[in-house]
Amino acid sequence: MSTALVILAAGKGTRMNSDLPKVLHPIAQASMLEHAMRSGRALAPARTVVVAGHGADLVRNAVTEIDEEAEVVLQEEQLGTAHAVDQAREALQGFEGDVVVLYGDTPFVSADTLERMVAARTSADLVILGFEAADPGRYGRLVMQGDSLERIVEYKDATEAERALTFCNSGLMACDAALMFDLLAKIGNDNASGEYYLTDLVELARTAGRTVTAVACDEAETLGVNSRSDLARADALFQSKARAELMELGVTLMAPDTVYLAFDTVIGRDTVIEPNVVFGPGVTVESGALIRAFSHLEGCHVSRGAKVGPYARLRPGAELAEDTHIGNFVEIKNAEIAEGAKVNHLSYIGDASVGKASNIGAGTITCNYDGVMKHRTEIGARSFIGSNTLLVAPVKVGNEAMTASGTVVTQDVEDGALAIARAKQENKPGRARKLMDILRAKKARLVKGSE
Ligand code: UD1
Ligand code: MG
Numbered sequence: 157m158s159t160a161l162v163i164l165a166a167g168k169g170t171r172m173n174s175d176l177p178k179v180l181h182p183i184a185q186a187s188m189l190e191h192a193m194r195s196g197r198a199l200a201p202a203r204t205v206v207v208a209g210h211g212a213d214l215v216r217n218a219v220t221e222i223d224e225e226a227e228v229v230l231q232e233e234q235l236g237t238a239h240a241v242d243q244a245r246e247a248l249q250g251f252e253g254d255v256v257v258l259y260g261d262t263p264f265v266s267a268d269t270l271e272r273m274v275a276a277r278t279s280a281d282l283v284i285l286g287f288e289a290a291d292p293g294r295y296g297r298l299v300m301q302g303d304s305l306e307r308i309v310e311y312k313d314a315t316e317a318e319r320a321l322t323f324c325n326s327g328l329m330a331c332d333a334a335l336m337f338d339l340l341a342k343i344g345n346d347n348a349s350g351e352y353y354l355t356d357l358v359e360l361a362r363t364a365g366r367t368v369t370a371v372a373c374d375e376a377e378t379l380g381v382n383s384r385s386d387l388a389r390a391d392a393l394f395q396s397k398a399r400a401e402l403m404e405l406g407v408t409l410m411a412p413d414t415v416y417l418a419f420d421t422v423i424g425r426d427t428v429i430e431p432n433v434v435f436g437p438g439v440t441v442e443s444g445a446l447i448r449a450f451s452h453l454e455g456c457h458v459s460r461g462a463k464v465g466p467y468a469r470l471r472p473g474a475e476l477a478e479d480t481h482i483g484n485f486v487e488i489k490n491a492e493i494a495e496g497a498k499v500n501h502l503s504y505i506g507d508a509s510v511g512k513a514s515n516i517g518a519g520t521i522t523c524n525y526d527g528v529m530k531h532r533t534e535i536g537a538r539s540f541i542g543s544n545t546l547l548v549a550p551v552k553v554g555n556e557a558m559t560a561s562g563t564v565v566t567q568d569v570e571d572g573a574l575a576i577a578r579a580k581q582e583n584k585p586g587r588a589r590k591l592m593d594i595l596r597a598k599k600a601r602l603v604k605g606s607e
């Protein structure tokens, strides 16, 4: 059975108080919409249709970046959830299979839950995802009769007795596409909000002699985000789950609460993460590495046995081979550091390659940017770059080469050569004492003059 996802993402999210559409706010460095789309991938959808409204251009761009094949349809006016799903009618014309409705602002629904919803479709025409709410608040209530779902009543339209129900509507559902669009055409807006309620599908389906059931999931999966506080709570929830999963996989987090992970962080077994480390998107750390305190990693790969930090910054394209050492206040960007190489103190290595077992002295800078273009620096194997060397790219340093401290390298250095490019030192005997005497005398005159 093929599946089409319809993801509702047209709402404004007034309470976010933001220029950014609500669904584009990030949790663990991926937008809520991306989380929802990634969850939906568990169903291997044949089609994905995102319903955009507020900030539709931004949403469209984001969707294309996440999944080139996903379609975006526009809901010009937000007239309710049923009206929103109906905007996908044309895009899904002739589609045979199930429609699964997801919310762009409900990022945490699990693959297992979605699979259970689709599985439940074999015994019911319409499947609603519900949850037992600790505080049912203003959620729609599911009115059950045994295994059968009678109807969903919105909080605003509910009686006191119905409001006392705690089994609530997540908003997510699965239904045969043809049946869903048939029934959607019959939904009106005669209710307390004057909106077209998607929840009315339940009664309409039953009236048409169809079966409706509810599948239950954990409340945490249906967590919706409406405000910045909700966003922070959702992020915290994601973080604690992701940290627990890593520890389960054999990663040591010395102070788990201080480690910030991205949605796609991958860390191998027996790697140790010290306190206050931040992971941006796209980081893979292999087994047995050490990431020391206050380091920031993003779009990089750290191999087995490498040591990073404290206070290191690995930017996109940083590729650390096995047993490399990247020390304090070192920034690596778009650069390959080969096996056993060391960059231990206060350096910037960008658009570069450093060969096996080379040592980069403190304060070394690759001058990779001329104000217009970026250029590469290539350093061979077993070379020694003296402290405070400036490598003015494009430039190459060979194997087993050296640069003297303070050298400004503007020409290639061949294998085995030593490059020295700095002013020659000259010592003037007795000159320091003489200069001191002159300066002291000058100061004494000044002090006297001001009295
Ligand atoms: C909806 C459900 C309610 C459920 C709750 C769960 C209805 C009528 N009610 O209520 O039973 O308990 O979700 O969170 O469905 N959206 C659009 N276009 C619209 C309206 C909404 O795209 O015209 C999108 C929103 O951006 C959001 C989602 O649909 O992602 C839900 O809309 P929202 O207004 O939050 O519905 P609730 O009132 O919370
Ligand atoms: Mg809502």
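Numbering of the sequence shown is given in the working numbering, commencing with residue 157 and proceeding in unit increments. Just so it is clear, CB atoms sit at the ideal spot from N, CA and C, and this is done for glycine as well. Quick caveat, the model's predicted, so the values are computed rather than measured.
Asked	Found
Note down, in chain order, each residue of its chain lying with its Cβ closer than 8 Å to the Cβ of Ala348, except the 5 sequence neighbours on either side.	Glu310, Lys312 and Asp313
Can you determine whether any heavy atom of the ligand UD1 sits closer than 6 Å to the C-beta of Gln234, and answer yes or no?	yes
For the alpha helix (DSSP H) that Gly605 lies in, which residues bound it at each end?	Arg587 to Gly605
Look up Gly211 in the DSSP assignment and say whether it is helix, strand or coil.	strand
What is the residue span of the beta strand (DSSP E) that Arg307 lies within?	Ser304 to Val309
Answer with buried or exposed for Leu402, where buried requires no fewer than 16 other C-beta atoms within 10 angstroms of its C-beta.	buried
Confirm, please, whether the CB-CB distance from Leu282 to Cys324 is below 7 Å.	no
DSSP puts Pro182 in a beta bridge; with which residues?	Ser187
Could you give the residue range of the alpha helix (DSSP H) that holds Phe337?	Ala333 to Leu340
Would a C-beta distance cut-off of 7 Å place Val368 and Leu328 closer than the cut-off?	no
Going by beta carbon distance, what residues of the same chain come within less than 6 Å of Tyr259, once the five residues before and after it are set aside?	Leu164 and Gly327
Apply the 10 Å Cβ neighbour rule to Val371 and answer buried if 16 or more other Cβ atoms are within range, or exposed otherwise.	buried
According to the neighbour-count rule (16 or more other Cβ atoms, all chains shown, within 10 Å of its Cβ), is Pro585 buried or exposed?	exposed
Where does Asp374 land, buried or exposed, given buried means 16+ other C-beta within 10 angstroms?	exposed
Examine the Cβ distances between the stretch 338-352 and the stretch 273-281 and report whether three or more of them are shorter than 8 Å.	no
Considering Cα atoms alone, identify which of Ser539, Val569 and Ser561 is closest to Val551.	Val569
Quick one: residues in its chain with C-beta nearer than 6 Å to the C-beta of Arg366, no 5 flanking neighbours on either side, listed in chain order?	Asp281
Check whether the Cβ atoms of Ser503 and Glu534 sit closer than 7 Å, and answer yes or no.	no
How would you write the range of the beta strand (DSSP E) that Phe287 sits in, first residue to last?	Leu282 to Glu288
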